[in-house]
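Numbering (the numbering used here), first residue to last: 690 to 1142.
Here it is in structure tokens:
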């Protein structure tokens, strides 16, 4: 069980690390935390083990008379929506391991406001208490389990009623055999023409593990874009809290530019915007939004931290490089890939009314030379040593230090970030330069420090 309690969720290989016995204990302790007779909604992704994980968790919660509403297969934002908008629901749970390999699984908990728990306010307590209890496995108590399909319907019905488009948009969607397939129904009810790739759930993930930050996820999209014309191509991760976009010309829109589009759309409506961006995002995004009249704050990476900070600052929008987007503007503040996709279609629809297209707008957005997010597997001790060495390098070269999540060293010609991954034992880092020369120089300096340690 060592190592399954992460910064933002519980996650591990099933059943060697995350097994039914420990999951049942987690459910039991979480039920104690909530209190007897509380009501919890629970959904699962398409992984082969997700039903087993759900059932073990429910068995543990049954011991404290928790009433569970089974939402069935669905996206993570469904659980946030159900928790926040239904007074009778005290918490919600999503069974998913997002983009991890198919033999992994995990558990995400959120409170009655749809706010995700993190290690500090839940998972640390669960970790400490679970290892000190013994339970005999029990059967499911069907008297405490309710059908939650009516709650699931509320979410999709909300999305259908929230949006409308003047143009008949043509949309290509890559689902990657995840749990988001109902999104096609939403689009078609909104009058869109759709083509779906790997829409049916399949926990074997026979072709790929869906991840909108990976080019591989868009390979079949590119083939289809060569054959037919679409207004936009959309790709979700397996549990629908992240989304990526590709233009008809097969250009993948970076999250650095997606946040510019969303921020500008809000500015056009409200005259201003407050945006949170995680520390991995480009300086070009910050400069663009501020030039347009908005304000940008950097924040720690991780959905539970970003959502919490969004509430604290009353921000309109938040974004992470990993393709999480959070809308407080006309929504409820949590990361929702489906809602974010529908907001992107609003932008496209408005452009079409003016005789413009998204590709033209993207070409006008600023950008610097930046690396993707690199991850290098290594020990905690080595990560600590490298981060300290990079901090010293930044200080020696008159860099500005941002230490809200690892170390971000900012210079006039660019910046670097090094931080510990929240999901695996790895060092995450990114580098950006104002020019290609700046980028290569900073990249060589950072990699030299990493390789020397």
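Idealized CB from N, CA, C, for every residue including glycine.
Expressed to the nearest angstrom, what Euclidean distance is found between the alpha-carbon atoms of residue 1061 and residue 829?
As a working mapping, residue 1061 is identified with position 372 in the chain shown. As a working mapping, residue 829 is identified with position 140 in the chain shown. So the two alpha carbons sit approximately 45 Å from each other.
Is it the case that the Cβ atoms of residue 965 and residue 1004 are separated by a distance below 8 Å?
One-based indexing of the chain shown puts residue 965 at position 276. One-based indexing of the chain shown puts residue 1004 at position 315. Yes; because the gap between Cβ atoms is below 8 Å, this pair is in contact.
Should the stretch 921-938 be called in touch with the stretch 1019-1029, which here means at least 3 C-beta pairs below 8 Å?
The stretch 921-938 makes contact with the stretch 1019-1029; the number of CB pairs closer than 8 Å reaches 3 or more.
Can you check DSSP and say which residues form a bridge with residue 1109?
The residue labelled residue 1109 in the question sits at position 420 within the chain shown. Paired residues: 1116.
Once the 5 residues before and after residue 694 are set aside, which same chain residues still bring their CB inside 6 Å of it?
For the purposes of this step, residue 694 is identified with residue 5 of the chain shown, where counting begins at 1. If we look at residue 694 and ignore the five residues flanking it on each side, its Cβ neighbours are 812, 816.
Relative to the C-alpha of residue 1101, which residue among 1107, 1092, 1094, 1124 is closest?
Position 412 of the chain shown, counted from the first residue, corresponds to residue 1101. Nearest C-alpha to residue 1101: 1124.
Segment contact, 8 Å Cβ cut-off, at least three pairs: the stretch 1108-1120 with the stretch 1046-1063:
yes
Assuming residue 955 contacts residue 1006 under a Cβ cut-off of 8 Å, what Cβ separation, rounded to an integer in Å, is found between them?
Here residue 955 is taken as the residue at index 266 of the chain shown, counted from 1. Here residue 1006 is taken as the residue at index 317 of the chain shown, counted from 1. For residue 955 against residue 1006, the beta-carbon gap comes to about 6 Å, under 8 Å, which counts as contact.
Can you name the residues that DSSP bridges to residue 1063?
The residue labelled residue 1063 in the question sits at position 374 within the chain shown. Answer by DSSP bridge pairing, in chain order: 1118.
Can you give me the Cβ contacts of residue 786 inside the same chain, cut-off strictly under 6 Å, excluding the 5 residues immediately before and after it?
Indexing the chain shown from 1 puts residue 786 at position 97. Answer for residue 786: 700, 793, 794, 795, listed in chain order.
When 849, 1013, 903 are compared against residue 878, the one with the closest alpha-carbon
Mapped onto the chain shown, residue 878 falls at position 189. Measuring from the Cα of residue 878, the nearest candidate turns out to be 849.
Measure the Cβ-Cβ separation of residue 833 and residue 771 and say whether it is below 8 Å.
Indexing the chain shown from 1 puts residue 833 at position 144. Indexing the chain shown from 1 puts residue 771 at position 82. Taking 8 Å as the Cβ cut-off, residue 833 and residue 771 do not qualify as a contacting pair.
Considering Cα atoms alone, identify which of 868, 865, 888, 874 is closest to residue 846.
Looking up residue 846 in the chain shown gives position 157. Ranking 868, 865, 888, 874 by Cα distance to residue 846 puts 874 first.
Say yes only if the C-beta of residue 874 is nearer than 7 Å to one or more non-hydrogen atoms of the ligand GDP, and no if none qualify.
In terms of ligand content, the structure shown is empty, and the ligand GDP therefore cannot be addressed.
Assigned exposure category for residue 713 - 16 Cβ within 10 Å defines buried
Taking the first residue of the chain shown as 1, we reach residue 713 at position 24. Buried, since its Cβ has 16 or more Cβ neighbours within 10 Å.
Inter-residue spacing [alpha-carbon to alpha-carbon] between residue 1011 and residue 969
Along the chain shown, one-based indexing puts residue 1011 at 322. Along the chain shown, one-based indexing puts residue 969 at 280. Going from the Cα of residue 1011 to the Cα of residue 969 covers about 9 Å.
What does residue 847 pair with, by DSSP beta-bridge criteria?
The sequence position of residue 847 within the chain shown is 158, counting from 1. Paired residues: none, contrary to the question.
Report, in whole angstroms, the separation of the C-beta atoms of residue 1170 and residue 1018, which I expect to be a contact under 8 Å.
Residue 1170 cannot be examined here, being either before or after the span of the chain that is shown, 690 to 1142.
Is the CB-CB distance between residue 1075 and residue 1139 below 8 Å?
Here residue 1075 corresponds to residue number 386 of the chain shown, with the count starting at 1. Here residue 1139 corresponds to residue number 450 of the chain shown, with the count starting at 1. Their beta carbons are under 8 Å apart, which means residue 1075 touches residue 1139 by this criterion.
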